[in-house]
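Numbering-wise (this note's numbering), the sequence shown opens with residue 12 and increments by one.
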Amino acid sequence: MTTAARKTPARSPAKKAARAPAAKATQAPARAARARANLPLRDAAATREALLVAAVEEFARNGFAGARVDLIAASAGVNKQLVYHYFGNKEGLYRDALEAVYAQLREKERALSLADMAPAEAMAALVGFSFDYLSEHPEFISLLADENRNAGQHIRESASLQQMHLPLVEMLEATLARGVTEKVFRDDYDAINLYISVAGLSYFFFSNNHTLSVIFAKKLSSRAAHAQRRKHVIEFTLNALRPGTD
12 MTTAARKTPA RSPAKKAARA PAAKATQAPA RAARARANLP LRDAAATREA
62 LLVAAVEEFA RNGFAGARVD LIAASAGVNK QLVYHYFGNK EGLYRDALEA
112 VYAQLREKER ALSLADMAPA EAMAALVGFS FDYLSEHPEF ISLLADENRN
162 AGQHIRESAS LQQMHLPLVE MLEATLARGV TEKVFRDDYD AINLYISVAG
212 LSYFFFSNNH TLSVIFAKKL SSRAAHAQRR KHVIEFTLNA LRPGTD
């Protein structure tokens, strides 16, 4: 006695058609989020970078206290949970955002290749670059102001932030030493004080640009004002470094 082969019932076309739109509807938000962020599928590095870019903008605009994680995630085009996945919490994201902007600055400073220039030329290049960087990156000024309001607590917690300043100090020390050897720089300046002075000459101009413009009835945000200030800061620094100036 034989048993007839049991046949699997065929799926109806109606069920197939019903499942297709549901699958597409589930995939659509994920595709849309990736498209907004312009991220490759499963690219963790690109997702993290998009979150950092969005975080820098949000923290610069609203400060650490006022920034919202959901807005950062929305701007990056990813799920809010990815912020906690990659950075742990809001504090971790803020700290990494600070590290990112400082790392970019230090990288560009190294790219100046000051060792290949004469001492005075190298110093002028560094001072001019510092001025230009602040002019082009107002978000950096805002982040610094906010972190100082926070008493530098996030920078204090970052070992990498403290370490990444060492090459800058060494670069300045080498430039100063060459200048002293060639008798174009005086020998009583130290690199850290020099950098603080150079940074302050430019930072104050940009961080207080609006109030200074009103006080002196002069449009200090104009290109002409920027060019004049840039020239002044470079000449001021070089004049201070020349031997025989007190």
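In this text, a Cβ means the ideal position worked out from N, Cα and C, and glycines have one as well.
Could you compute how far the alpha carbon of residue i sits from the alpha carbon of residue j?
i      : j      : result
Val64  : Pro254 : 44 angstroms
Lys242 : Arg234 : 12 angstroms
Gly103 : Gly74  : 14 angstroms
Ala136 : Gln92  : 43 angstroms
Leu155 : Glu120 : 18 angstroms
Ala228 : Leu212 : 20 angstroms
Ala202 : Thr248 : 13 angstroms
Val244 : Met134 : 11 angstroms
Ser100 : Val94  : Reading off the sequence shown, one finds Asn at residue 100, where the question assumed Ser. Cα to Cα, Asn100 sits roughly 7 angstroms from Val94.
Phe98  : Glu246 : 43 angstroms
Ala87  : Ser169 : 24 angstroms
Ala129 : Val195 : 10 angstroms
Leu183 : Ala236 : 28 angstroms
Glu110 : Leu172 : 6 angstroms
Leu125 : Ala114 : 18 angstroms
Ala108 : Leu252 : 35 angstroms
Glu69  : Ile83  : 7 angstroms
Arg59  : Asp198 : 46 angstroms
Glu193 : Ala66  : 46 angstroms
Ala131 : Pro178 : 19 angstroms
Ala185 : Ala210 : 18 angstroms
Leu205 : Arg160 : 24 angstroms
Leu62  : Asp127 : 37 angstroms
Arg79  : Ala56  : 22 angstroms
Asp81  : Asp54  : 21 angstroms
His11  : Glu181 : A query on residue 11 cannot be resolved here, the shown segment of the chain reaching from 12 to 257 and no further.
Once DSSP output is grouped into helix, strand and coil, what is the label at residue i?
i      : result
Ala162 : coil
Gly99  : coil
Ser146 : helix
Lys119 : helix
Phe4   : As displayed, the chain neither begins before 12 nor continues past 257, which places residue 4 out of reach and without an answer.
Val94  : helix
Gly139 : helix
Leu155 : helix
Ala39  : Because Ala39 sits at a pLDDT of 41, beneath the cut-off of 50, its placement in the model cannot be relied upon, and the point is left open.
Lys242 : helix
Phe247 : helix
Met128 : coil
Arg167 : helix
Tyr113 : helix
Val209 : helix
Tyr200 : coil
Give every residue of the same chain whose Cβ lies closer than 7 angstroms to the Cβ of residue i, excluding the five residues on either side of it in the sequence, and list them in chain order.
i      : result
Leu223 : Leu231
Arg240 : Phe216
Tyr200 : Leu187, Leu252
Glu150 : Val67, Glu68, Ala71
Ser141 : Val209, Ala210, Ser213
Ser218 : Ile152, Ala156
Output the boundary residues of the alpha helix (DSSP H) element that contains residue i.
i      : result
Gly77  : 55-77
Val180 : 177-192
Ala85  : 80-87
Leu231 : That residue, Leu231, is in no alpha helix (DSSP H); it is neither H nor E in DSSP.
Ala170 : 170-174
Check the Cβ-Cβ distances between residue i and every residue of chain D, and say whether any is below 7 angstroms.
i     : result
Arg59 : Absent from the structure: chain D. Only one protein chain is present.
Do residue i and the ligand HEM come close, with the Cβ less than 6 angstroms from some heavy atom?
i      : result
His221 : Among the components modelled here there is no ligand, and therefore nothing to report on the ligand HEM.
Which residues in the same chain have their Cβ closer than 8 angstroms to the Cβ of residue i, if we skip the five residues on either side of it in sequence?
i      : result
Asp157 : Phe70, Ala71, Gly74, Phe75
His165 : Phe75, Glu102, Tyr105, Arg106, Leu109, Glu158
Ile226 : none
Val112 : Val67, His148, Glu150, Phe151, Leu154
Ala144 : Before going further, note that residue 144 is Tyr rather than Ala in the sequence given. Hits under 8 angstroms: Leu116, Lys119, Phe151.
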